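K.L.:
Encoded as structure tokens, here's the structure I'll be asking about.
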Amino acid sequence: MAARHSTADILDAAVHVREAARSATAGATGVDTVLAALAEVVEHDHASLARWDPARGRHTTLAGSYPDDATAYIENRLHHDPVFPVLRSPARGGLWLGDVPEPLLAASPGFQDVLAPLGIEDGVAQCLFAADGRYVGMLNVSIRRPRATPDPARAVVTLLTESLAAAVDSGEARAGTGAEPVRPAGPLRPGGLSPRELEVLAELTEGRTNRQIAALLYITPRTVGTHIEHILAKLDLPNRAAAAAQAAAWGITSPH
Numbered sequence: 021m022a023a024r025h026s027t028a029d030i031l032d033a034a035v036h037v038r039e040a041a042r043s044a045t046a047g048a049t050g051v052d053t054v055l056a057a058l059a060e061v062v063e064h065d066h067a068s069l070a071r072w073d074p075a076r077g078r079h080t081t082l083a084g085s086y087p088d089d090a091t092a093y094i095e096n097r098l099h100h101d102p103v104f105p106v107l108r109s110p111a112r113g114g115l116w117l118g119d120v121p122e123p124l125l126a127a128s129p130g131f132q133d134v135l136a137p138l139g140i141e142d143g144v145a146q147c148l149f150a151a152d153g154r155y156v157g158m159l160n161v162s163i164r165r166p167r168a169t170p171d172p173a174r175a176v177v178t179l180l181t182e183s184l185a186a187a188v189d190s191g192e193a194r195a196g197t198g199a200e201p202v203r204p205a206g207p208l209r210p211g212g213l214s215p216r217e218l219e220v221l222a223e224l225t226e227g228r229t230n231r232q233i234a235a236l237l238y239i240t241p242r243t244v245g246t247h248i249e250h251i252l253a254k255l256d257l258p259n260r261a262a263a264a265a266q267a268a269a270w271g272i273t274s275p276h
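Just so you know, we're using our numbering here: the sequence shown kicks off at 21 and counts up by one.
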């Protein structure tokens, strides 16, 4: 495929991705049409859209072109990769391969054992979150040659995440029973918590200390403490144990 150099072309292609995502969300087409449209935004050698299955604690690929071993890694091991806590932060947007710190890249089995043997030199992993703050899945795009900079596709991929998340979230039901997706009861973003506060709350269900949570989320222990103070205030709870109990009642669990 010829590379797109015009920002206008990429934005026009992004409109097609959103249309494909809406169609997939409504059940009119499959998630594979979304990936096909995405190829016009960022050309790639491999890509996949995977849904997070909290009951099984793994990803399920809804559409993709990776080799079987790479697909198996995304589904079963990626959420244990040391890179995953970084890219799963709702605040950061997508994590492009060229932006991953070298020490972290060296420690990543996903890169060393899966991507590097495929000759991958660029690409993006983009975690997807529903409107209620739930982590619902991820987009993976891999490219064998570095993309030119500046690259307007970077911003466009981030802007498409809401549409991609909706397609992935609804894709769960169609991949299973064919029924409409089950939505969680209660308010959007339970208790009015921010996505980061929800992440911290999820780690409280495991009884982790501030220092342990900080290491997992790549923030400081002091920042974790501030988030916990906000969580307790918003939920009107006396302590972190009560917060963990509330999280369990909502079905919020740690991905780690």
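Backbone N, C-alpha and C define an ideal beta-carbon position, used for all residues, glycine too. Please read all numbers here as calculations on a predicted model, not as lab measurements.
Assign THR240 to buried or exposed, taking buried as 16 or more other Cβ atoms, counted over all protein chains shown, within 10 Å of its Cβ.
P.N.:
So THR240 counts as exposed.
K.L.:
Can you round the beta-carbon distance between GLY188 and VAL62 to whole angstroms, since I take them to be within the 8 Å contact cut?
P.N.:
Here residue 188 turns out to be Val, not Gly, going by the sequence shown. About 17 Å separates the two Cβ atoms, so there is no contact after all.
K.L.:
Provide the residue span of the alpha helix (DSSP H) that contains SER43, from first to last.
P.N.:
Residues 27-46.
K.L.:
Is the CB-CB distance between VAL37 and LEU148 below 9 Å?
P.N.:
No, the Cβ-Cβ distance between VAL37 and LEU148 is not below 9 Å.
K.L.:
What distance in whole Å lies between the Cβ atoms of ALA168 and MET158, which are believed to be in contact at a cut-off of 8 Å?
P.N.:
About 25 Å separates the two Cβ atoms, so there is no contact after all.
K.L.:
Rounded to the nearest angstrom, what separates HIS99 and ALA126 at their Cα positions?
P.N.:
Each residue's alpha carbon lies about 17 Å from the other.
K.L.:
Terminal residues of the continuous alpha helix (DSSP H) containing ALA253?
P.N.:
Counting along the chain, the alpha helix (DSSP H) containing ALA253 begins and ends at 241-255.
K.L.:
Give me the Cα-Cα distance between ARG260 and GLY113, rounded to the nearest whole angstrom.
P.N.:
Rounded to the nearest angstrom, the two C-alpha atoms are 28 Å apart.
K.L.:
I'd like to confirm the pairing. Which residues does DSSP put opposite TRP116 in its beta bridges?
P.N.:
According to DSSP, TRP116 bridges with VAL144.
K.L.:
Where does HIS66 fall in DSSP's three states?
P.N.:
It is a strand residue.
K.L.:
Output the distance between the C-alpha atoms of THR81 and ALA264, rounded to the nearest integer angstrom.
P.N.:
Computed Cα separation, rounded: 30 Å.
K.L.:
For GLY227, count neighbouring Cβ atoms within 10 angstroms of its own Cβ and tell me buried if that reaches 16, exposed if not.
P.N.:
GLY227 should be labelled exposed.
K.L.:
Which class does VAL54 belong to by DSSP, given the choice of helix, strand or coil?
P.N.:
Helix at VAL54.
K.L.:
Are the CB atoms of SER109 and GLU219 within a distance shorter than 9 Å?
P.N.:
In this structure, SER109 lies closer than 9 Å to GLU219 by Cβ.
K.L.:
May I ask which residues mark the beginning and end of the alpha helix (DSSP H) holding ARG260?
P.N.:
Residues 260-270.
K.L.:
Give me the residue from LEU115, SER68, ASP152, THR178 with the minimum Cα distance to GLY271.
P.N.:
Closest by alpha carbon: ASP152.
K.L.:
Which residue spans inside the region 169-193 form an unbroken alpha helix (DSSP H) run of at least 4?
P.N.:
Complete alpha helix (DSSP H) runs here, min 4: 172-179.
K.L.:
If I follow the unbroken beta strand (DSSP E) through ALA83, where does it start and stop?
P.N.:
It spans 78-84 - the beta strand (DSSP E) in which ALA83 sits, taken as one unbroken run.
K.L.:
Could you have a look at GLY157 and say whether DSSP puts it in helix, strand or coil?
P.N.:
In the structure shown, GLY157 sits in a strand (DSSP, three-state: E or B).
K.L.:
Would you report the Cα separation of GLY118 and ASP256, rounded to the nearest angstrom?
P.N.:
Answer to the nearest angstrom: the Cα atoms are 42 Å apart.
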